[in-house]
Structures are given as C-alpha cells and as structure tokens.
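Working notes, structure below.
Protein chains in written order, with my numbering: chain C, 13 to 321; chain E, 13 to 321.
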C-alpha cells in the first residue's frame, strides 16, 4: 500500500516514522513544508526537512523534539564569544547539513536534489520531497508587526498575537519534481495529512496552487490526522494560534479547516463528540513511542482504505 | 617602543606573542598575510589571521600548531556522512569565525573591520591588520599544474614540486587601512619580518606595491628573523620549497631574499658562519616556550635598535 504524506516537522515526522514501520519504506513519500526555510548567517536552513532527515535516519533528539541526538554546541559558544546573534541554535553536527546545502544550492543544485542525496547518504528508504524548490516564506502578521516565521517561532517563542498567516511566494511557486506525480499516481493508495500545525506547517503546501489542484484531482483518499487530541496541542503553538485566529480549539474546527480537501479525519480518543461533517475514526493519537506511531499510521491507512472509492 | 611585524601564520604568531609580552600589547601591530584566504563551502576562511586571533587570545592549540585548543569535530563527522569534501578540517568552534566573517563580508563590512572586531571581542590588545581588504590569492605553479594555496598546502600536503609562486591580485591590491600608516609612522621604532615562510607567507605582503614602497620609505629599521635555524625549517615546507626554487637552504639565502628590504637579519645560534651581506645578530630562534618567544622578540627589537639611524 503506497502512501503520500503532507507534513511539517516534529509531529509530522513521528507519523512518517510510523508509516515506514507500517509499510515498506520505499512505499512512503513525504512532501515536506519548506516555508519555514530561511537564511541565517547566509546558511540555507530547512528545519522541517532536516527534522525528517534526522527522524527517519534515527538521529533525532527525541527528548528535545528537534535537532540531533548527542549534539554538541562548541560553535554556538564561539559564536557568542564573537558577538554573533545566538537566538537560533545551530548544533555542531547540524551545521554540516546547512553548510553543505548552502554550497550545493550556490552551485546550482535544487533543494529537492540535495535533500534526496542527503536521504540516500543516511540510508533513508522513504522519499523526502520538499514541497517546492522555489522560495516560499511563512510570515506572521502579529500585534508586533509582520514577522518572519523563525523570528516568531524561535526568537519570540510564539508570544506575539497572530492576526493572520501569509505564505510569500506560494501563489507562484511550482511544486518540486515528483510532488504532483506522487499525489496523482494511480499507485498511491492513501494521502495523509500529518498532525502538524495546520495553519503553519500544512497550509503552506495547500497555498501552492498546483498542489491544491493535485489534491482535488487525486483519486487516492485523503485522511487528515487531527493535531489537537482532546483540544490540546501536543507541542507548539497550535491551540494558541487557533484562538488568536478566532477558531474554537477542537476537532470540529480542524475538520472545517480541511473541509473540501480531506475525505476523512482521524480523531483522538479524547476528542468529545462533535459536529464533524466528514467520515472519521478514532485512536489514541499521542505518539510517544514507536509503537504509538505505527498504530496511528495504521489507523490512518485503515481509515483511508475505508473511505476509498 | 612601538613595533610593526609582517607575519604569516604559525611561526609568525609565536613572534607576535613574544612581542606582546616584551612590549605593551597596544604598541604591537601585526600586518598579516591574507593571500592564504580562500572560500570553502562558500565560507570565508582566513587561516593566518585566525592563527593570530587564536594565538594572541590564548586559544591556540599549541601541540597541533593550528586551530583551537580543545576543538571538537562533530561538524566534520556529519559532513563526511553526507559525502562532503573533508580535505580541509573545520573544527566546530572554528566554524564560528568563518560563518560570522562570511555573513559580515556579505553585509558589506571589510575584512580589516571584522578582524579588528573579533580581536576586540577576544580581548586582544595588539592590532591585527590583514595586509589587504582586496582579494589576493597565492597560487603555486607545480609539476602537477597550477594549484591554489590550500589545495597545495593542505590537500596535497606540499608534495607537488613547486616551480614558482604567484600572488594573483597583488599587483592591484590596496593595503588595508592603517597598514601604510603603521609602517611610515614616526612613532614606529621597529619593523620586524616574522620567521614565517618568506616565499609563501611574507612575499604576498611584499608583492603589494604600496606595502613594498612603504617599506622602502619607512624610517624605522627593518629586521627579518630567519625562519630556518641551522638550515632546517621549524615546521612546514620552507626547506623543501627553497630547494625546489633552486636556492640553498641557509641563512645566506634568506639574507639575499630580503636584500633591499631588511636592514638586518636575526640568525639562529646554529647557523654556520656564512656570507651575510647585512648586519645581523644571533640568538636561539627556536620558539618552543613563551620565554623563548619573548627572548627572540627582544633580540629582534635590540637588533633593530642597534641599526636604527
């Protein structure tokens, strides 16, 4: 059973990890948000892609939720001693991804080609596709003005009140090679939307016209996994952001958000009965262990199979 | 007594360290070879300047002869896992200099301004001036063809046979701010040429017309410290290179090389009596301990005072 998953970073990577244990890894394609990507000290940083690379190669720091296991921080210490900006933490090993990606982009390679090569070097069997090789940049319109994503997310720790979210460049961005093909392939049995932040991590993909159109045309069933089990965000600013955007923080609001895109929703056992106007199933969607991740992946695939035409 | 020293990396840095213990640090100006500078993965690397920064701030790895004490190598390990070129070792802490310098150069700052700021941040009292803010690149014409300096020096470990040495860009390079002023200042009591490789580390400075002219005009005495005590290079390819360039490997050849530039030569106690056509003095020029470095610095300053007009 071949599956394609639209994903952001941490939460989504857990589902993708579950998928590659539930299915042959080669049957899993992750289409990854690249609107969090940014330049820092001139280095090309792709946080969500890197989270996938670390998670699927077994290098992720599970306790911390981002970065590499066993990371060291000599670079940051030296950077501080030189008066360099230190609001974004760059681990010593992590720097290799950014430095090499920057050099290869400068040499004319595409983000998708570089990502595929990194995944191959690290023995990752699943396919990791950036949503686009074009630059798309998430920007938050807040009570403190317009903020680039990482400034909002990392430097300001999601504290500013968000009025709206914009994806600069999305309207003209082309999907990366294989993205549309994967979504439209008759061999694709399920398209999953990972339990990443819908407004920050999934919406950038949906803001690219050719991806939205491919989802509309896709014959495979589309199942979204709710990111707010019991109305609580597992991690990150989803609940806070939903309130600021004037939404209720519950599965029904997630269902309304994905209305017209998803065919079904995987809810959490904790979710109260609610007015969900699409097919749904329930499981415990908290993914703390690998077993949890495999279980959630299987539940999502089963839900997809149940709504398939 | 104010002194200016023309220097390359490791050997020269030892003399400069001796000088800042023999004199108030603020009375020492180092004019540093920047023709070894290169771009690696797009990062701006200035090996000789960095050796000065590490040595004068007490961060140098004395045993290794380059880089930082207590350096870690997680970046290189990760880089190798991604298939990145690993012939040039970039330590985790060392990367901070290169990443920050690259970003500040891209923002329009000059190498000299960035270097001055790094030195200040690390509490270095001496003045460290790159020879030029313009790009000058040492190239070796060898039996394997033309090689950029770091490819010859690091990747090929000085193994190719050198036919000639060229300094691309030197003829039109302008000295960095304060370089000519330091050489010509009536307050400068001595100009020293450090025991760096004359052909690779000092000649680039001499190849910049305005520096050569300032040395000709300078009223301060100019003393070169011989880099080949007893006809042996302390470290690096000086002796091998001199043979390849058709020179005898002795102090007389060094004296001939600096003829017309230096007013006097500081020789090593081990040097055999030779045909030296300029004033000279002798000391033990091997600089293994800090005391050695201070002694050699004092001997060079004394020789300068003895030949002053």
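In this text, a Cβ means the ideal position worked out from N, Cα and C, and glycines have one as well.
For residue 104/E, the chain C residues whose Cβ falls inside 7 Å of its Cβ are 84, 86, 87 and 104, in order along the chain. When only Cα atoms are considered, residue 315/C and residue 113/C end up about 38 Å apart. About 15 Å separates the Cβ atoms of residue 19/C and residue 34/C, ruling out a contact at the 8 Å cut-off. Using a Cβ-Cβ cut-off of 8 Å, residue 93/C is close to 108, 133 and 134 of chain E, given in chain order. For residue 201/E, the enclosing beta strand (DSSP E) begins and ends at 200 to 205. Residue 300/C has its alpha-carbon roughly 9 Å from the corresponding atom of residue 26/C. By the Cβ criterion, the region 161 to 173 of chain E is not in contact with the region 287 to 307 of chain C, since fewer than three pairs of Cβ atoms, one from each stretch, lie closer than 8 Å.
Using a CB distance cut-off of 7 Å, residue 54/C counts as an interface residue toward chain E. 236/E is the residue among 202/E, 295/E, 123/E and 236/E whose C-alpha sits nearest the C-alpha of residue 208/E.
Annotated three-state conformation of residue 229/E is helix, per DSSP. Taking the Cα of residue 81/C as reference, the smallest distance to any Cα among 118/E, 229/E and 90/E is reached at 90/E. Counting C-beta pairs with one atom in each stretch, the region 130 to 145 of chain C and the region 213 to 222 of chain C have three or more that are closer than 8 Å, which means they touch. Rounded to the nearest angstrom, the gap between the Cα atoms of residue 55/C and residue 131/E is 24 Å.
Residue 115/E belongs to the set of residues whose beta carbon lies under 7 Å from a beta carbon in chain C. The beta-carbon of residue 112/E is placed less than 7 Å from the nearest beta-carbon of chain C.
Close to residue 130/C, with beta-carbon spacing below 9 Å, are these residues of chain E in chain order: 94 and 95. Approximately 19 Å separates the beta-carbon atoms of residue 206/C and residue 79/C; this is outside 8 Å, ruling out the contact. Assignment of residue 157/C by DSSP, reduced to helix, strand and coil, places it in the strand class. Rounded to whole angstroms, residue 75/C and residue 198/C show a C-alpha spacing of 39 Å. For residue 202/C, no CB of chain E lies under 7 Å from its own CB, so it is not counted at the interface with that chain.
The Cβ atoms of residue 238/E and residue 276/E do not sit closer than 7 Å to each other. Residue 162/C and residue 178/C have their alpha carbons spaced roughly 14 Å apart.
Residue 313/C counts as buried, since no fewer than 16 other beta carbons sit within 10 angstroms of its beta carbon. For residue 188/C, the closest Cβ of chain E is not nearer than 7 Å.
Beta-bridge analysis with DSSP links residue 164/E to no other residue.
The beta carbon of residue 51/E lies closer than 8 Å to those of 57 in the same chain, with the five residues before and after it left out.
About 5 Å separates the CB atoms of residue 16/E and residue 200/E; that is less than 8 Å, so the two are in contact.
Secondary structure of residue 91/E (DSSP, three-state): helix. With a threshold of 16 other beta carbon atoms within 10 Å, residue 256/C meets it and is buried.
Here residue 83/C is buried, its C-beta having at least 16 other C-beta atoms within 10 Å.
C-alpha of residue 230/E to C-alpha of residue 321/E: approximately 11 Å in a straight line. For residue 52/C, the three-state secondary structure derived from DSSP is strand. Interface flag for residue 118/E against chain C is set, since a Cβ pair is found closer than 7 Å. Distances from the alpha-carbon of residue 226/C to those of 193/C, 253/C, 240/C and 204/C put 193/C closest.
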